[in-house]
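Numbering (the numbering used here), first residue to last: 20 to 927.
We put the beta carbon where it would ideally sit given N, CA and C, even for glycine.
Everything below concerns the one structure shown next.
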Amino acid sequence: MKHSKIFYILFLIIVITACSPFGRLYKEQSRVTLALPANRRSEPVEIAKRDSANQPPVLNFTFISAKGDSIPVGMSVEWDSVHQENLTTVALDEVVVSAGSTRNTAERNGLINVEFVVTVPKVLQQDNWMVNVRPVLMRGDVPDSLKELRFTGQRFRELQERDYRRYDRYVEKIIPDSANFYQTYVNYRSFERYLKRLKWYKRRLEKLWAIQDAKKHRPDPLLLRFEMFNRQVNRRDSLLKEYILKNSRLMIERQQWQYDRALERVNDTLQPQWSGLRERFRYFNHKWELRTNYQAGELVTRKKYFYDRVSFEPLRQAEHSLYYVRGVDTVPPLWLMTERPDTVQTRQKSLANFSEESIFAYYGLGDEQTGFTRSKLPLYAYHRNLSDSLQLHLPGRKAFRELELSRFDSVTTVKHYIDRYEHLRSVYPQYHLIRELYNIHPPAVRHAALQEKYGNWIAHINSLDSTNLVQKFYNTQKIARNEARKAMKDEKYHDIVRFPFNPDAELDTVIYAADQVKFLYSQKVPADENSARMKVYVVGNVLSGNGSKYPLPKSDTLTYLVSSMTKFIDKTPRYVRKIIARDAEANTSVNFYFPQNDFNLNETIAVNRKGVKKVKDLTLALMTDPVYRIDSLTLFASSSPEGSWRVNGEIAQKRAKSIRDVLVREFTALYDSLSVGVNVEMDEAGNLIHREVKDEIPDLPNLIKIRTIPEDWNKLRSLIVSDADFKGHKDAILRIIDREQEPDRREWLIKSQYKSEYAYMLEKLYPIIRAVDFRFSLSRRGMKQDTIYTNEPDTTYARAVEYLEERKYEQALEMLRPYDDVNTAIAYMSLGYDKAALRIFEKSPQTADNKYMQAILQARLGNEEKAVRLLLTAAEMDEQMKFRANLDPELSELVKKYGLFKEEDDWN
């Protein structure tokens with residue numbers, strides 16, 4: 020049963036592996052391989068960038084060693100190991116292929132060039148795969164990742180770009196912080212409308228406030244209003260009476276009209292046949308008369324116009340004949356020069372038929388018959404005759420009843436209205452109420468309360484902050500939505516972009532190879548103290564478009580042996596000569612405040628209390644210092660230049676004494692609080708035989724000295740020169756200080772001519788001058804001589820050598836530059852300053868190491884002959900230099916180019 024379970028589990032694993040897109044890779048354990056590139060004949064060394072050199076020609080010369088041996092350089096020779104002699108040969112170019120896993124490389128400018136070939140087999144190349152290759156650089160036990168390589172299939176790259184497009188669409192929805200916040204998130208139109216309303220409301224309140232203020236200050240108008248009301252009562256009474264009488268008159272006229280109308284209806288026995296027809300006839304007849312009168316009037320106006328033209332035509336012809344005389348140079352008027360046709364007969368004919376009576380008769384307005392043409396048109400000839408539609412009608416009982424009801428008595432009507440007047444006057448108080456002249460509620464109090472209320476509202480509006488107001492119009496939902504999008508930006512990036520690009524990758528490309536892909540990886544890494552031996556291997560994985568992952572097995576390891584100039588560091592310690600002086604000083608400056616015309620130091624003032632504490636703390640630190648002891652304390656006091664020079668001197672003297680008295684009291688208490696070690700020897704009688712004090716504390720209260728300066732103009736001048744905030748006529752004030760010898764006149768000239776500058780000096784600079792300087796004179800404990808010379812290790816040089824060993828060349832060079840020795844040259848050389856390094860090596864002792872490094876520098880500068888001679892000299896002085904030359908690319912090129920040290924290769 021147990022074996023069957025194991026079988027099923029293995030079968031399940033095989034099925035899953037077979038269904039996975041990386042089933043074949045798991046079976047074959049496919050991997051990315053590493054190999055060292057073949058040795059290439061490089062160009063002139065790339066390191067020499069700071070001091071450039073030209074490519075030298077191939078040299079042919081013979082080097083004579085110190086033993087007298089001749090070594091041909093640049094010639095085609097070959098060492099015969101059998102006969103022990105050089106043979107001339109012809110060298111052919113060859114291709115060297117590196118098959119090992121170890122390579123020597125050199126460090127230059129603090130960088131190490133790491134080169135290897137990465138090979139990706141065909142089995143790892145699929146359209147929907149991406150191969151991530153991560154080179155790992157081991158410096159000792161510390162791993163350091165190099166830039167990765169990415170080999171991507173076409174379909175996988177399209178998948179990546181599609182994910183990035185989706186993420187870009189998400190990012191486009193996020194409103195950036197650089198957008199205008201108010202235009203984006205604020206309902207600015209409503210906010211401006213709200214501010215406008217608030218503005219008008221404030222203006223309204225200010226107007227009301229002003230009104231209440233005016234009402235508050237003007238006299239009480241109530242008494243005047245009472246008088247006015249009393250006058251108005253009489254006036255209203257008279258107006259009411261007049262109004263009532265007027266109404267009574269109108270009522271009598273109306274009753275008279277009603278009576279006349281009823282009487283007319285009783286007396287009217289002729290009435291229209293139909294109800295309402297009589298009024299319509301009158302309306303149509305009236306309208307017809309208006310229209311006919313208008314047309315007849317228009318025709319009369321036109322006839323008069325033609326009549327005037329006919330009447331004045333003979334006059335115009337007479338004027339024309341008068342002006343038109345032959346032989347006379349007379350220019351007639353312009354209106355006479357125009358020829359007009361003679362229409363006199365026509366106009367006279369129309370005038371003969373013209374008369375207003377005939378015109379009105381034509382329109383049917385007279386007693387005559389209407390014109391023939393108009394009589395044929397009903398609209399013009401239609402005139403309603405009232406007699407045609409009337410009939411005899413006798414009034415009924417209703418007409419007589421209306422006549423009886425319409426009878427009236429004017430006296431009764433007037434009496435009725437007079438009674439109404441009396442009733443209204445008695446009911447409504449405005450017609451009879453008389454105000455008594457008193458006021459129990461002054462209006463000023465009410466106006467003051469209203470004004471205060473309006474003022475509080477205005478103050479509240481003024482206190483409103485637009486920043487807080489605008490928050491009421493924030494589109495909070497939009498802000499929250501945008502903030503949520505920004506907060507989820509990274510999360511969305513990881514969700515949407517499943518396979519992100521690597522911008523720091525050494526290579527990220529789409530592969531279209533038909534066979535395996537090889538890539539020459541080359542990167543310069545910074546050197547450190549663990550870079551002597553480095554190892555490189557690659558790891559990585561293969562990603563599929565569906566998210567599957569295949570971890571690449573670890574590749575073979577390549578080893579790099581790094582050569583650098585640190586092997587030639589001179590580790591001999593250096594010493595410096597130090598001069599120790601017996602005497603020293605400690606200074607401090609303290610500001611004390613003295614009221615005007617007062618010379619006693621008031622310790623209740625905070626500034627004075629802090630100043631005394633500052634001096635006390637410094638004194639305690641110096642008195643307990645294990646190296647120095649206090650010899651004396653000098654107190655320098657000065658006054659500012661305002662006032663008289665003599666008075667300022669007295670003030671400075673008295674204030675300095677006051678400060679000294681306070682310090683003496685403080686120092687006495689401090690002296691008593693400190694313990695002193697004393698050795699005492701006494702005899703049997705109790706007499707003192709010997710007394711020895713160890714580290715005796717000075718009696719500082721008795722060591723205080725006073726020096727005063729009435730007006731410290733030198734300090735004021737230095738403050739003016741160094742003050743960058745001093746504005747105005749600085750140069751003119753300095754000239755007055757330098758030229759004027761009398762202090763009081765000097766101060767008066769500045770004060771009178773430059774008032775603003777003097778005010779600045781009085782506020783900013785004079786308090787600094789009034790400060791008190793304390794100078795402590797110190798001496799070393801137990802030191803009798805004034806000066807002692809000692810040799811101490813140079814810690815700066817030692818630290819620079821450590822930087823050099825740690826390959827921190829720039830820091831080392833900053834510290835080694837003043838020494839100008841071999842280590843300084845190595846720092847220059849490592850940073851590419853070849854000429855500066857060569858200058859130091861040439862004046863240094865000529866050892867094998869020195870010659871070897873000069874050969875490297877000459878090779879960098881393009882002097883191949885000097886480089887070869889120096890290399891051969893160094894190899895002659897030290898055999899190890901022959902093998903060292905193969906580690907440095909500058910010299911290894913020369914060794915290969917000129918065939919140096921072949922006999923050692925043959926013997927080896």
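With respect to the beta strand (DSSP E) encompassing Asn729, which residues constitute its N-terminal and C-terminal limits? Note that residue 729 is Pro in the sequence shown, not Asn. Note, Pro729: beta strand (DSSP E), 723-730.
Using a 10 Å radius around the Cβ and a threshold of 16 neighbouring Cβ atoms, would you call Arg420 buried or exposed? exposed
Let me check understanding here. Comparing Cα to Cα, which of Arg500, Lys141, Val285, Arg517 lies closest to Glu959? There is no way to answer for residue 959, as the model of the chain reaches only from 20 to 927.
Please state whether the Cβ-Cβ distance between Ile787 and Lys734 is less than 9 Å. yes
Would Gln496 be called buried (16 or more neighbouring beta carbons within 10 Å of its own) or exposed? exposed
Looking at the structure shown, is Thr320 part of a helix, part of a strand, or coil, going by DSSP? helix
Check whether the segment 245-255 and the segment 472-492 touch, using three or more Cβ-Cβ pairs below 8 Å as the test. no
So, under 8 Å CB-CB, Tyr3 and Ile498 are touching, yes? Tell me the CB distance rounded to an integer number of Å. This structure leaves residue 3 out entirely; the chain is present only between 20 and 927.
Quick test of your reading: Asn549 and Val161, contact by CB under 8 Å. State the CB separation rounded to the nearest angstrom. 6 Å
Buried versus exposed call for Lys226 [16 or more other C-beta atoms within 10 Å across all chains shown]: exposed
Best match in Tyr262, Ile515, Phe611, Gln231 for proximity to Leu469 [C-alpha to C-alpha]: Gln231
Integer Cβ distance of Glu126 from Ser541, believed to fall under 8 Å: In fact, because the Cβ distance is near 15 Å, the residues do not count as touching under 8 Å.
Compute the distance between the beta-carbons of Glu825 and Asp589, then report whether it is under 9 Å. no
Among Met896, Ile530, Tyr556, Arg280, nearest to Arg158 - alpha-carbon criterion: Tyr556
Could you check if Phe41 is buried or exposed, using at least 16 other CB atoms within 10 Å of its CB as the buried criterion? buried
Ranges of the alpha helix (DSSP H) found wholly within the segment 221-282, counting only runs of at least 4: none
With H, G and I counted as helix, E and B as strand and the rest as coil, what does DSSP make of Glu376? helix
Candidates Gly129, Ser798, Leu906: closest to Tyr579 by CA position: Leu906
Using the DSSP secondary-structure output, state which residues sit across from Lys568 in a beta bridge. Leu562
Determine the contact status of Ile725 and Ala778, defining contact as a CB-CB distance below 9 Å. no
For Asn667, three-class secondary structure by DSSP: helix
For Asn927, count neighbouring Cβ atoms within 10 angstroms of its own Cβ and tell me buried if that reaches 16, exposed if not. Note that Asn927 has pLDDT 42, beneath the 50 cutoff, so the model's placement of it is unreliable and the number below is only indicative. Its Cβ having fewer than 16 others within 10 Å, Asn927 is exposed.
Candidates His305, Arg552, Phe795, of which the one nearest Arg651 by Cα: Here the sequence assigns Ser to residue 651, which means Arg is not the residue at that position. The candidate whose alpha carbon is nearest that of Ser651 is Phe795.
List the whole-angstrom C-beta distance separating Phe793 from Leu654, where the pair is believed to meet the contact cut-off of C-beta under 8 Å. 6 Å
So the alpha helix (DSSP H) Thr814 belongs to, where does it begin and stop? 814-824
Pull the bridge partners of Arg504 from the DSSP assignment, please. Bridge partners of Arg504: none, in fact.
Could you give the DSSP three-state label for Lys543: helix, strand or coil? strand
Cβ shell of Glu134 (< 6 Å), same chain only, five flanking positions each side left out: Pro56, Ser541
Taking DSSP's pairing of strands, which residues face Met149 in a bridge? Thr171, Leu562
Asp650, DSSP secondary structure in three states: strand
In the DSSP output, which residue or residues are listed as bridge partners for Ile538? Position check: residue 538 holds Phe in this sequence, whereas Ile was assumed. In the DSSP output, where bridge partners are listed per residue, Phe538 has Val137.
In the DSSP output, which residue or residues are listed as bridge partners for Thr52? Thr138
Helix, strand or coil for Val791? Go by DSSP, reduced to three states. strand
Going straight from the alpha carbon of Trp664 to that of Ser482, what length do you get? 54 Å
What separation, rounded to the nearest whole angstrom, lies between the Cα atoms of Asp636 and Leu738? 28 Å
Nearest-angstrom Cα distance between Lys543 and Leu880? 22 Å
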